[in-house]
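See below for the structure under consideration.
Protein chains: 4
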Amino acid sequence: MLEALKKEVYEMNMLLPRYGLVTFTWGNVSGIDRESGLFVIKPSGVEYEKLSPEDMVVVDLNGNKVEGRYNPSSDTATHAVLYQRFPKIGGVVHTHSSWATSWAQAGRGIPCYGTTHADYLYGEVPCVRNLTREEIEEAYEKNTGILIADAFEEKGLDYIAMPAVLCKNHGPFTWGKDAKEAVHNAVVLEEVAKMAARCEQINPRVMPAPQSLQDKHYYRKHGANAYYGQEH
Amino acid sequence: MLEALKKEVYEMNMLLPRYGLVTFTWGNVSGIDRESGLFVIKPSGVEYEKLSPEDMVVVDLNGNKVEGRYNPSSDTATHAVLYQRFPKIGGVVHTHSSWATSWAQAGRGIPCYGTTHADYLYGEVPCVRNLTREEIEEAYEKNTGILIADAFEEKGLDYIAMPAVLCKNHGPFTWGKDAKEAVHNAVVLEEVAKMAARCEQINPRVMPAPQSLQDKHYYRKHGANAYYGQEH
Amino acid sequence: MLEALKKEVYEMNMLLPRYGLVTFTWGNVSGIDRESGLFVIKPSGVEYEKLSPEDMVVVDLNGNKVEGRYNPSSDTATHAVLYQRFPKIGGVVHTHSSWATSWAQAGRGIPCYGTTHADYLYGEVPCVRNLTREEIEEAYEKNTGILIADAFEEKGLDYIAMPAVLCKNHGPFTWGKDAKEAVHNAVVLEEVAKMAARCEQINPRVMPAPQSLQDKHYYRKHGANAYYGQEH
Amino acid sequence: MLEALKKEVYEMNMLLPRYGLVTFTWGNVSGIDRESGLFVIKPSGVEYEKLSPEDMVVVDLNGNKVEGRYNPSSDTATHAVLYQRFPKIGGVVHTHSSWATSWAQAGRGIPCYGTTHADYLYGEVPCVRNLTREEIEEAYEKNTGILIADAFEEKGLDYIAMPAVLCKNHGPFTWGKDAKEAVHNAVVLEEVAKMAARCEQINPRVMPAPQSLQDKHYYRKHGANAYYGQEH
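So the sequence lines, in the order shown, correspond to chains F, W, L and Z.
Numbering-wise, the first sequence is residues 17 to 248 according to our numbering.
Numbering-wise, the second sequence is residues 17 to 248 according to our numbering.
Numbering-wise, the third sequence is residues 17 to 248 according to our numbering.
Numbering-wise, the fourth sequence is residues 17 to 248 according to our numbering.
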């Protein structure tokens with residue numbers, strides 16, 4: 017079942033090591049079939065070089081396995097909640113990519129210091145708090161998803177315009193209209209995280225880019241008046 | 017038309033990912049045919065691995081497309097102004113290369129800390145201010161070019177001796193006598209930006225290199241008394 | 017003798033340059049056969065590209081050569097002590113990998129700032145003191161091993177849960193149930209060391225991850241209740 | 017003439033880009049034939065991928081070309097002085113490698129923070145002062161060599177035990193018993209420069225490694241009592 021989606025999710029998982037976003041098995045990509053309400057995700061802890069499309073695991077929106085010979089990623093419950101709460105997304109990525117994880121470990125959101133950031137991520141990338149001991153013990157992975165979605169609601173963030181989050185002392189999640197866009201956003205986030213850290217090193221009193229510049233770059237790529245690229 | 021130039025500009029665009037200066041489609045190279053007043057530039061938002069020489073777009077000095085099946089780079093109007101205002105240049109490059117962009121985001125010019133810098137860039141690489149909201153809304157890309165050229169005039173900078181600029185909260189532009197030299201300068205700028213940041217980390221009170229050393233290195237490579245290389 | 021172990025130790029040594037952990041000959045992996053009490057280690061100062069499985073050297077737990085045409089690694093006596101004092105380990109790795117060595121040179125243990133660290137290393141990676149002049153002159157490499165093992169005892173550290181140590185002004189040692197796991201831990205340590213340094217740069221007042229999060233991640237991968245991966 | 021030496025010097029020059037020590041043409045290796053008093057050096061400003069052994073230039077100890085179709089490296093006069101003043105060396109390397117150059121630009125010598133440094137470089141790598149305007153104008157490259165050799169004499173440094181120097185606001189020179197060892201030391205210097213910068217970032221109050229540890233590591237690799245490697 018869902019063979020085309022399995023192939024796509026497999027290929028997107030294989031991009032993670034190619035883009036330098038993962039060491040060993042530290043990352044996972046999923047993609048959803050909204051019609052059936054099922055999503056496809058990487059198995060847990062299997063080496064990338066041994067994966068094949070058939071190894072992808074099919075799970076439902078409660079995170080229960082529907083098909084597959086492997087256990088799904090240990091982060092499956094987080095993906096499930098994100099698909100439930102963010103109904104327009106089609107793909108989710110989690111990595112421990114080095115620079116984004118360093119910001120997550122530092123417990124700070126990533127300010128928008130330039131147009132590379134504004135081209136894809138509208139505003140500061142948020143960093144959500146730690147789960148409490150009780151939340152961890154009750155349902156760690158599921159509560160991670162709930163924490164992210166609640167934070168977006170509380171802060172009034174648009175998950176389409178801000179397809180990325182940092183989990184404190186852990187690492188980033190990104191998403192997009194499909195698995196490919198979610199991986200693209202994971203690469204963007206890592207690059208943006210790197211340049212923001214270096215930029216603060218070069219000028220410790222740096223301020224975010226002017227709102228007018230952020231708006232220009234975001235909206236020349238997104239929305240009704242976009243003119244970047246070939247599809248307008 | 018301009019087939020040889022298209023091939024050259026294509027090849028120079030392909031060097032950007034090879035030198036590690038671009039992620040995805042974040043960069044563009046153009047080259048001009050001064051006789052016809054037309055220049056050739058990368059199309060907007062097309063992946064590097066899918067480009068071919070025929071995909072290059074021919075535009076005039078007002079940035080209007082003359083030939084090509086794709087839309088030209090969204091930064092075309094900036095290139096056009098630079099060709100108009102800097103009459104001796106033959107190629108222009110824009111990237112979001114990581115270290116140069118970090119300086120641009122920090123809003124600082126790059127001081128000349130050593131001979132690697134002085135060999136190619138005479139003095140501090142300038143960082144121009146943000147455009148105002150009005151300048152952005154009126155004609156963002158064109159006004160970026162005007163801002164750069166005006167800044168060089170106001171500061172009395174020689175665009176031949178300083179073939180690079182940083183745009184605040186955005187990234188670098190470089191240029192040269194042709195597209196190849198413009199790419200070369202983009203690589204130099206990135207390396208110089210990297211070493212300047214690290215050098216300030218190692219010694220926060222570092223001062224620019226003595227003027228006599230800067231002069232020696234710049235003029236042993238440039239001008240009537242140059243003796244570096246094989247062409248003297 | 018011990019041909020299978022030689023092959024394994026050879027292959028694990030060859031992973032060090034592949035993972036970017038060593039320059040020139042600056043690293044060594046060993047693996048032990050607990051039944052015979054003999055271990056196999058890389059020869060001293062031989063270039064990686066010239067090594068073959070037959071070049072591996074067999075030594076006893078006093079560090080004396082039992083078989084092999086080369087001298088064993090100059091760090092052999094340290095490996096021998098670690099095998100004696102940590103009876104459940106099957107492999108040991110020493111490198112001068114760049115980030116872990118930078119922490120060792122700085123004389124600091126690596127705090128646990130996130131789940132990447134907690135997934136494999138339970139708590140702060142310890143940094144042991146310098147040997148005294150007398151300890152160095154008496155038996156440098158042997159006393160390095162004794163210093164490590166004594167420090168683990170004094171601090172009440174479990175060498176299974178903390179399979180890594182930094183030697184001040186020198187570099188890291190890691191270990192594991194076999195040579196492969198020891199190499200895996202060397203890669204983890206380098207990545208963790210890199211992110212911890214960057215994380216402190218991004219937030220100089222950063223605190224270690226909450227204990228509840230460290231526990232969750234360590235124990236979802238290790239022990240009776242582990243559920244990460246496929247083997248539960 | 018000197019065909020074997022040309023081949024060796026050619027091969028050692030080609031190692032510079034392979035080890036990531038040079039961008040474009042920013043580096044040069046030479047090797048000397050002490051019997052004839054002639055040395056072989058890379059031509060000036062020729063791209064590495066276009067070089068062949070026959071392109072190497074033969075010069076005498078005054079830096080005058082004896083054979084070759086190209087101009088020798090613009091740094092030839094520096095090499096010549098080093099060969100004159102350091103009679104036991106057989107090879108010299110100059111690069112603008114990124115980390116070593118960052119220290120040179122910062123105007124600081126590199127303290128010995130660990131055993132990686134002490135294994136090859138005995139003590140702090142010195143950073144020599146800027147040449148004066150007069151010294152630059154009179155004979156820049158020759159006076160660079162004189163400055164280095166004078167500094168070693170004044171500081172009582174043994175050029176065998178310290179085969180590296182930084183020139184302020186410029187970059188490093190290294191040397192060795194032959195061109196191969198000089199390149200090896202250039203790689204060591206870059207690695208040591210990188211780790212020293214990171215180590216100071218991790219602990220701004222870090223102190224050099226204890227002298228007893230520096231002695232142990234230097235002398236287990238060098239001199240009559242060395243026991244590292246296979247040749248003892």
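For glycine and all other residues, C-beta sits at the position ideal for the given N, C-alpha and C.
Among the bridge pairs identified by DSSP, Cys-183 (chain L) is matched with L:Val-144 and L:Gly-187. With a minimum length of 3 residues, the unbroken runs of beta strand (DSSP E) contained wholly in the stretch 99 to 177 of chain Z fall at 107 to 111.
Non-local C-beta neighbours of Thr-160 (chain Z) in its own chain, meaning closer than 7 Å and more than five positions away in sequence, comprise Thr-94, Leu-147 and Cys-183, ordered along the chain. Remark: fewer than three beta-carbon pairs, one from each stretch, lie closer than 8 Å, so the stretch 99 to 108 of chain F and the stretch 99 to 114 of chain L are not flagged as touching.
Under the 8 Å criterion on CB atoms, Lys-193 (chain Z) is classed as non-interfacial with respect to chain L. Put simply, the stretch 216 to 223 of chain L does not touch the stretch 131 to 140 of chain L. Fewer than three CB pairs are less than 8 Å apart. The residue from W:His-133, W:Ala-165 and W:His-186 with its alpha-carbon nearest to that of Asn-185 (chain Z) is W:His-133.
Minimum Cα-Cα distance from Val-82 (chain F) among the listed residues F:Gly-47, F:Met-30, F:Ala-195 and F:Met-17 corresponds to F:Met-17.
Residue W:Ser-228 holds the alpha-carbon nearest to the alpha-carbon of Glu-154 (chain Z) among W:Ala-240, W:Thr-41 and W:Ser-228. According to the DSSP assignment, Glu-83 (chain F) belongs to the beta strand (DSSP E) that extends over 81 to 83. Our two residues, Gly-187 (chain W) and Leu-37 (chain F), have alpha carbons roughly 24 Å apart in a direct line.
Distance from the CA of Ala-242 (chain L) to the CA of Phe-40 (chain F), rounded to the nearest whole angstrom, comes to 18 Å. For a Cβ distance threshold of 8 Å, residue set Ala-122, Gly-123 and Arg-124 of chain L lies close to Asn-219 (chain Z), ordered along the chain. Note on Ala-20 (chain F): under 16 other CB atoms within 10 angstroms of its CB, so exposed under the neighbour-count rule. Taking C-alpha positions only, Ser-68 (chain W) is separated from Ser-60 (chain W) by approximately 13 Å. Take Lys-210 (chain Z), set aside five residues on each side of it, and the residues of its chain with a beta-carbon closer than 7 Å to its own are Trp-115, in chain order.
Scanning its chain for C-beta atoms nearer than 7 Å, with the 5 sequence neighbours on each side dropped, one finds around Glu-216 (chain W) the residues Val-222, in chain order.
If you draw a straight line from the Cα of Lys-196 (chain W) to the Cα of Ile-176 (chain W), it is about 15 Å long.
In the three-state DSSP reduction, Ser-89 (chain W) falls in the coil class, being neither helix nor strand. DSSP, reduced to helix, strand and coil, places Pro-69 (chain F) within a helical segment of the structure shown.
When DSSP states are grouped into helix, strand and coil, Asn-44 (chain Z) belongs to the strand group.
Listed in chain order, the non-local C-beta contacts of Lys-171 (chain Z) below 8 Å within the same chain comprise Pro-142, local neighbours out to five positions each way being set aside.
Of the residues assessed, Asp-76 (chain W) falls on the exposed side of the cut-off, its CB having fewer than 16 other CB atoms within 10 angstroms.
Taking C-alpha positions only, Thr-131 (chain F) is separated from Lys-66 (chain Z) by approximately 39 Å. Contact annotation: in the stretch 19 to 42 of chain F, no residue has its CB less than 8 Å from a CB in chain W. Between Met-28 (chain F) and the set F:Gln-100, F:Trp-191 and F:Glu-150, the nearest pair of CA atoms involves F:Trp-191. For the set Z:Glu-157, Z:Ala-202, Z:Glu-207 and Z:His-238, the Cα lying nearest the Cα of Val-97 (chain Z) is the one of Z:Glu-157.
At a cut-off of 8 Å, the C-beta of Tyr-156 (chain F) has a neighbouring C-beta in chain L. Apart from sequence neighbours up to five positions away, the residues of its chain that approach Pro-88 (chain W) with a beta-carbon distance below 7 Å are Ile-57, Pro-59, Ser-60, Val-73, Val-75 and Lys-81, ordered along the chain. For Val-74 (chain L), DSSP records a beta bridge to L:Val-56 and L:Glu-83. Taking each of Z:His-238, Z:Glu-206 and Z:Tyr-244 in turn and checking the Cα distance to Trp-119 (chain Z), the smallest one comes out for Z:Glu-206. Scanning chain L for C-beta atoms nearer than 9 Å to the C-beta of Lys-210 (chain Z) yields Ser-114 and Ser-118, reported in chain order. Bridge partners of Asp-49 (chain L) according to DSSP: L:Leu-54. Take the alpha-carbon of Val-45 (chain Z) and the one of Val-204 (chain L): they are about 37 Å apart. The Cβ of Gly-61 (chain L) sits closer than 8 Å to at least one Cβ of chain Z. Within chain F, the residues Ala-225, Pro-226, Ser-228 and Leu-229 have their CB atoms less than 9 Å from the CB of Asn-146 (chain W), given in chain order.
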